[in-house]
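In my numbering, the protein residues as written are 606 to 851.
Data block below; observations after.
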């Protein structure tokens with residue numbers, strides 16, 4: 606296969622990822638709902654607290670217990686939605702029910718997760734480093750963790766044969782592709798998410814409710830786009846045909 610053919614396959618996989626991140630809302634709406642509902646519940650609390658009355662009110666109520674109590678639930682729902690979105694497409698390619706966990710490589714998932722945890726531990730300590738040194742340390746740990754992410758996502762998608770050595774030897778291309786398939790989309794939608802909150806400040810209550818309803822849906826879209834991007838990023842253009850079967 607020529608370079609141009611390989612690149613064409615990757616472009617098609619990326620475009621399919623964008624399409625299927627949206628299509629997932631129709632195929633399995635319960636998955637984005639896991640991210641949408643906790644997000645909306647927190648917005649209800651924020652509106653009732655009066656957080657969107659002004660910039661000062663938003664800052665004052667940002668740490669309110671009623672709001673913070675939903676933070677962990679919201680984050681858990683968001684992460685679970687991402688993982689289930691990726692798993693959905695793996696099950697679909699295998700002809701399994703979308704909620705099936707039977708094909709997961711749990712050894713790979715746990716080992717990859719352990720790598721993520723180990724690489725995050727140094728960040729918990731306050732090293733007395735200059736800004737450049739701190740940046741270099743953070744960047745090095747992030748890069749070192751990428752094969753662990755590849756191994757974890759591979760296990761989630763049903764790869765039960767790869768090991769940590771395989772991930773560090775051969776997983777760099779997959780890590781790059783996963784970053785390219787998810788990073789730009791996440792950055793764009795995250796900016797919209799942030800912009801919704803800024804734009805809502807000081808607006809009439811009806812406008813705030815409308816914006817925060819849209820914002821909760823946007824968070825669900827981020828989850829489905831990122832999860833689908835992880836699937837296509839791991840699989841790449843070679844598996845495009847099996848991934849797109851209806």
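Glycine included, each C-beta is placed from N, C-alpha and C at the ideal position.
Computed from a predicted model, the values in this text were never measured in an experiment.
Environment of residue i [buried if 16+ CB atoms lie within 10 Å]
| i | result |
| --- | --- |
| residue 679 | buried |
| residue 673 | exposed |
| residue 621 | buried |
| residue 733 | exposed |
| residue 720 | buried |
Alpha-carbon spacing of residue i relative to residue j, whole angstroms
| i | j | result |
| --- | --- | --- |
| residue 796 | residue 803 | 11 Å |
| residue 728 | residue 681 | 22 Å |
| residue 688 | residue 648 | 24 Å |
| residue 712 | residue 762 | 12 Å |
| residue 667 | residue 656 | 8 Å |
| residue 771 | residue 754 | 13 Å |
| residue 756 | residue 646 | 34 Å |
| residue 652 | residue 819 | 14 Å |
| residue 684 | residue 791 | 13 Å |
| residue 775 | residue 767 | 10 Å |
| residue 817 | residue 809 | 12 Å |
| residue 709 | residue 832 | 15 Å |
Where residue i falls: helix, strand or coil (DSSP)
| i | result |
| --- | --- |
| residue 635 | helix |
| residue 771 | helix |
| residue 809 | coil |
| residue 709 | coil |
| residue 624 | helix |
| residue 609 | helix |
| residue 725 | helix |
| residue 701 | coil |
| residue 670 | helix |
| residue 688 | helix |
| residue 743 | helix |
Under 8 Å between C-beta atoms of residue i and residue j
| i | j | result |
| --- | --- | --- |
| residue 759 | residue 839 | yes |
| residue 836 | residue 707 | no |
| residue 801 | residue 823 | yes |
| residue 751 | residue 659 | no |
| residue 644 | residue 811 | no |
| residue 625 | residue 694 | yes |
| residue 636 | residue 629 | yes |
| residue 841 | residue 782 | yes |
Distance cut-off 7 Å: residue i Cβ against heavy atoms of the ligand FAD
| i | result |
| --- | --- |
| residue 756 | Looking at this structure, you won't find the ligand FAD or any other ligand, since it has none at all. |
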